[in-house]
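For reference, the structure discussed in these notes is given below.
Numbering (UniProt numbering), first residue to last: 1 to 475.
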């Protein structure tokens, strides 16, 4: 099916645009393409609508009643467009047939899942591309920055995941202790949820302490062990020092995971490690929390006391507090105690990545620059297998959202915003840059925040090119 088959009315005059982001209603001509919804009044100084279809979270129809439009045989209605960036846009159309036709076209295009039809593969930038975004952060260069790889070194780059067969969600290249063979890594991966074995993600050189991340081990109800996993994990320890495991689940949840084949590192097999539980909410509840937060923010009728109560009930700010508290605990272990820290929850994909990323922002000033933050997101999110295409398929407005969708990356950006407001002079970028990151994570016109694109070998303009092009305006 082609785009033209989904858009029987490509242009329509007499459409009224309104919403909280517009000072007054705008009358103009609506144009619909395969990737954009455009409304223009054709008047100078009047704001236009230029909306990517992929930015739409849900489309709602509100037909006008005959009583409301008594002089019209076809009263039309209002199309309410709720966007993934929380905007609510309304299009008033006076003709019922046109109203239903435009609404149906929008609904059909928004649902389209064909990868080759995505706007990223049609987009042609109007500015000169100075650097290939696909090569800005090569794995070899970024890994070399993490720790010294000069011979003799206690670290090495492993190519055991070159074809993504050891761990499909990990990068091709990873840093592991030089004493650990690829066979040990492969055996350890079998003992970790989804094969996400312990990998080095940051070396705090001031104290020579190590930050490691993984998914949960798989001892199950029978308390199985893996000598390979024990050897790999102990390979990250400094001589004569114990390590700390930060588990982002409650102790009850961690114990109950054993019945499903998961669990925690068993003390008798990991005597050199102490486990600390710093529980944060699972990613499955974050979207509901965000939905309540946005619903309260959009309600301009309630009193201040009621609004604050609803804000508190959403627990979105509580989630930020818990995440920052957990990250600070990791920082203390690395900086004050100089110990190796392993962070994991269950899958090692959501809260784990937020915490390890925040720790690096707190300890590494380079991560507080524009390019450093881009490199961090490339390394800790894209290369670490965060499923943007799944987590960000829908936002808080969509009735089709499931537990697989989650605003985990937005939670990370919000935590960054809180840090930025407390330590204004410590960050090169502004809050507008964080907003740009958020928008690109949900509906980037350039692609790809979704790692599946690079896995399939399909090329488009890389998101980092756009961020680099616009970075001067976000300092």
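Glycine is no exception: its CB is placed at the ideal position from the N, C-alpha and C atoms. Since we're looking at a predicted model, the values are computed, not measured.
Endpoints, the alpha helix (DSSP H) within which residue i is located
{"i": "residue 305", "result": "304-313"}
{"i": "residue 98", "result": "96-111"}
{"i": "residue 213", "result": "It is not in any alpha helix (DSSP H) - residue 213 instead sits in the beta strand (DSSP E) that spans 209-213."}
{"i": "residue 481", "result": "Residue numbering for the chain in the displayed model covers 1 to 475; residue 481 lies beyond these limits and cannot be assessed."}
{"i": "residue 175", "result": "From DSSP, residue 175 is part of no alpha helix (DSSP H) but of the beta strand (DSSP E) over 174-177."}
{"i": "residue 389", "result": "388-391"}
{"i": "residue 167", "result": "Careful: residue 167 lies outside any alpha helix (DSSP H) and carries neither H nor E."}
{"i": "residue 325", "result": "316-332"}
{"i": "residue 298", "result": "286-298"}
{"i": "residue 435", "result": "431-443"}
{"i": "residue 227", "result": "227-234"}
{"i": "residue 3", "result": "3-6"}
Nonlocal neighbours in the same chain, by C-beta distance under 7 Å from residue i, ignoring five residues either side
{"i": "residue 13", "result": "29"}
{"i": "residue 257", "result": "216, 263 and 346"}
{"i": "residue 210", "result": "200, 203, 236 and 340"}
{"i": "residue 291", "result": "396"}
{"i": "residue 357", "result": "376, 380 and 412"}
{"i": "residue 333", "result": "244, 339 and 341"}
{"i": "residue 481", "result": "Lying before the first or after the last residue shown, residue 481 is absent from the chain, which here runs from 1 to 475."}
{"i": "residue 372", "result": "366"}
{"i": "residue 393", "result": "405"}
{"i": "residue 46", "result": "26"}
{"i": "residue 369", "result": "428"}
Other residues of its chain near residue i: CB distance less than 6 Å, five sequence neighbours each side excluded
{"i": "residue 451", "result": "Residue confidence for residue 451 is low, a pLDDT of 42 falling below 50, so the modelled location carries little weight and cannot support an answer."}
{"i": "residue 37", "result": "51"}
{"i": "residue 229", "result": "188 and 191"}
{"i": "residue 293", "result": "314 and 316"}
{"i": "residue 404", "result": "390"}
{"i": "residue 322", "result": "280"}
{"i": "residue 156", "result": "178"}
{"i": "residue 18", "result": "25 and 90"}
{"i": "residue 479", "result": "The shown model of the chain, from 1 to 475, leaves out residue 479, and the question about it has no answer."}
{"i": "residue 261", "result": "218 and 220"}
{"i": "residue 108", "result": "6"}
{"i": "residue 3", "result": "34"}
{"i": "residue 352", "result": "213, 343, 344 and 345"}
{"i": "residue 82", "result": "57, 58, 88 and 397"}
{"i": "residue 106", "result": "59"}
Selected residue, minimal CA-CA separation from residue i, among the options
{"i": "residue 207", "options": "219, 147 and 194", "result": "147"}
{"i": "residue 420", "options": "21, 365 and 181", "result": "365"}
{"i": "residue 350", "options": "385, 318 and 333", "result": "385"}
{"i": "residue 380", "options": "265, 201 and 163", "result": "201"}
{"i": "residue 9", "options": "81, 174, 103 and 319", "result": "103"}
{"i": "residue 226", "options": "270, 145, 11 and 238", "result": "270"}
{"i": "residue 143", "options": "275, 286 and 376", "result": "376"}
{"i": "residue 288", "options": "277, 411, 119 and 359", "result": "411"}
{"i": "residue 203", "options": "369, 331 and 64", "result": "331"}
{"i": "residue 34", "options": "54, 94, 44 and 80", "result": "54"}
{"i": "residue 140", "options": "171, 106 and 320", "result": "171"}
{"i": "residue 284", "options": "402, 254 and 436", "result": "402"}
{"i": "residue 62", "options": "353, 99, 302 and 268", "result": "99"}
{"i": "residue 110", "options": "182, 306 and 60", "result": "60"}
{"i": "residue 20", "options": "254, 299, 267 and 360", "result": "299"}
{"i": "residue 16", "options": "327, 79 and 32", "result": "79"}
{"i": "residue 319", "options": "348, 336 and 355", "result": "355"}
Bridge partners - residue i, DSSP secondary structure assignment
{"i": "residue 40", "result": "29"}
{"i": "residue 77", "result": "63 and 93"}
{"i": "residue 277", "result": "247"}
{"i": "residue 199", "result": "213"}
{"i": "residue 83", "result": "56"}
{"i": "residue 50", "result": "38"}
{"i": "residue 192", "result": "217"}
{"i": "residue 88", "result": "82"}
{"i": "residue 204", "result": "209"}
Close beta carbons around residue i, own chain, < 8 Å, minus the five adjacent residues each side
{"i": "residue 342", "result": "198, 212, 213, 214, 233, 236, 243, 244, 245, 246 and 273"}
{"i": "residue 434", "result": "413, 416, 417 and 420"}
Bounding residues of the beta strand (DSSP E) (the contiguous stretch that carries residue i)
{"i": "residue 18", "result": "11-19"}
Which ranges would you report for the alpha helix (DSSP H) in the segment 340-382 if only whole runs of at least 4 residues count?
351-363 and 370-377
Going residue by residue through the segment 139-163, where are the continuous beta strand (DSSP E) segments of at least 3 residues, counting only ones entirely within it?
155-158
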